[in-house]
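Below is one structure, written out as structure tokens; comments come after it.
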Amino acid sequence: MIIDNKEEINLSVRLGNLFLKYPVMPASGTFGYGEEFFEIIDYSLFGALVTKGISLEPSKGNEMPRICETPCGLINSIGLENVGFERFKEEKINFLKKFNIPIIVNFFGKSIEEYSIMAEKLSDINGVSALEANISCPNVKEGGRSFGADPEIVYEIVSSIKNCSALPLIVKLTPLVTDIAMIAEVAEKAGADIISLVNTFPAASIDINKRKFKLSRGYGGLSGPAIKPIAIKLVNDVYNAVRIPIIGMGGISSWEDAVEFFMAGATAVAVGTGAFSNPHLISQITAGVKKFLYENNFSNIYEIIGIVNN
Ligand SMILES: Cc1cc2nc3c(=O)[nH]c(=O)nc-3n(C[C@H](O)[C@H](O)[C@H](O)COP(=O)(O)O)c2cc1C
13 MIIDNKEEIN LSVRLGNLFL KYPVMPASGT FGYGEEFFEI IDYSLFGALV TKGISLEPSK
73 GNEMPRICET PCGLINSIGL ENVGFERFKE EKINFLKKFN IPIIVNFFGK SIEEYSIMAE
133 KLSDINGVSA LEANISCPNV KEGGRSFGAD PEIVYEIVSS IKNCSALPLI VKLTPLVTDI
193 AMIAEVAEKA GADIISLVNT FPAASIDINK RKFKLSRGYG GLSGPAIKPI AIKLVNDVYN
253 AVRIPIIGMG GISSWEDAVE FFMAGATAVA VGTGAFSNPH LISQITAGVK KFLYENNFSN
313 IYEIIGIVNN
């Protein structure tokens, strides 16, 4: 089929029961609750609005400094600062609803029970389109190891969330595991509708004059261009292991990067660190992907998803 008009290109994607007009969205935690950016950025080309991770109780996060730059990205140890469930429900969701774009609420818990409680409470809020469970957080009961690193716990968390909520469930994986494909398979078996990856990679940076770590907590999570090739590989690993759709992220800073993620197997992509230096990046990526599809005679995103495996 010859595409003779760029407007014929269809960028919409379906992630389980979640329908997105565009396949590009902000990555959780880099977009707050949408309030800081709406005066300077046009959200109309966003596939979804994605909130910062919410927990049952508010959290102040870690002491400053909690972000530092590296030559190819940044390290953060924000410590999951957030306004907590009640304030999110009373204040933040109403603002996000104004834009008529699907709202994905990222959330986390300190225990498996807390994940389920949060899923149930968030599902009762009118306007929430999907849940994204961040399972990279430390499981204090199990000595601080990430929930997402243990397949049995992943199964338990995902199935208990599914019992409490009918909303499409995105399970966001930690990259810090030996076999991410196996963890994704477990999440799929337990009922996940969508997988998102990657979260940040543990990292540290030292101020040699002060002889101290640059971040108050010492370690943080690395994001940005440095992690992109690793993320591409992990997305492809997961694509080969599951049938459910993938939201790919990690270091996307151009439309070419986004196309790489689609070709690796992502059905949609998220942009975090890259948007800090260019707030218009998401819309520019959407436009760039559309042009790429047009110029290469593809009519929709699905024609390039996982194409490297063909
Ligand atoms: C400052 C900051 C805060 C973040 N907060 C969250 C969060 O609350 N929940 C979550 O699941 N991921 C969080 N992330 C991870 C991002 O959503 C994303 O997975 C990661 O940064 C990789 O994408 P990027 O390289 O495009 O930034 C955060 C990342 C950054 C840089």
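When we follow this note's numbering, the leftmost residue of the sequence shown carries the number 13, and every step to the right adds one. A virtual CB, placed ideally from N, CA and C, is assigned to each residue, including glycine.
| Query | Result |
| --- | --- |
| Looking at C-alpha atoms only, which residue of Ile242, Lys110, Cys176, Gly232 is the closest neighbour of Ile124? | Cys176 |
| The alpha helix (DSSP H) with Asn175 in it runs from where to where? | 163-176 |
| Tell me the rounded alpha-carbon separation between Asp191 and Asp16. | 44 Å |
| Report the residue ranges of all alpha helix (DSSP H) runs contained in full by the region 66-115; include only those spanning at least 4 residues, in chain order. | 96-99, 105-109 |
| Taking buried to mean at least 16 other C-beta atoms within 10 Å of its own C-beta, is Cys84 buried or exposed? | exposed |
| So, helix, strand or coil for Phe119, using DSSP? | strand |
| Could you check whether Leu27 and Leu61 sit closer than 8 Å to each other, using their CB atoms as the reference points? | no |
| In terms of residues, what are the limits of the beta strand (DSSP E) holding Val183? | 181-184 |
| Which of the three DSSP states, helix, strand or coil, is assigned to Val140? | coil |
| Answer with buried or exposed for Val152, where buried requires no fewer than 16 other C-beta atoms within 10 angstroms of its C-beta. | exposed |
| Between Arg281 and the rest of its own chain, which residues show a CB-CB distance below 8 Å, the 5 nearest in sequence each way excluded? | Looking at the sequence shown, residue 281 is not Arg but Val. Around Val281: Pro35, Val36, Met37, Ile259, Gly260, Met261, Ile264, Ala270, Phe273, Phe274, Ile297. |
| Does the Cβ of Gly342 have 16 or more other Cβ atoms within 10 Å, making it buried, or fewer, making it exposed? | The structure shown does not extend to residue 342, since the chain is modelled only from 13 to 322, so the question has no answer here. |
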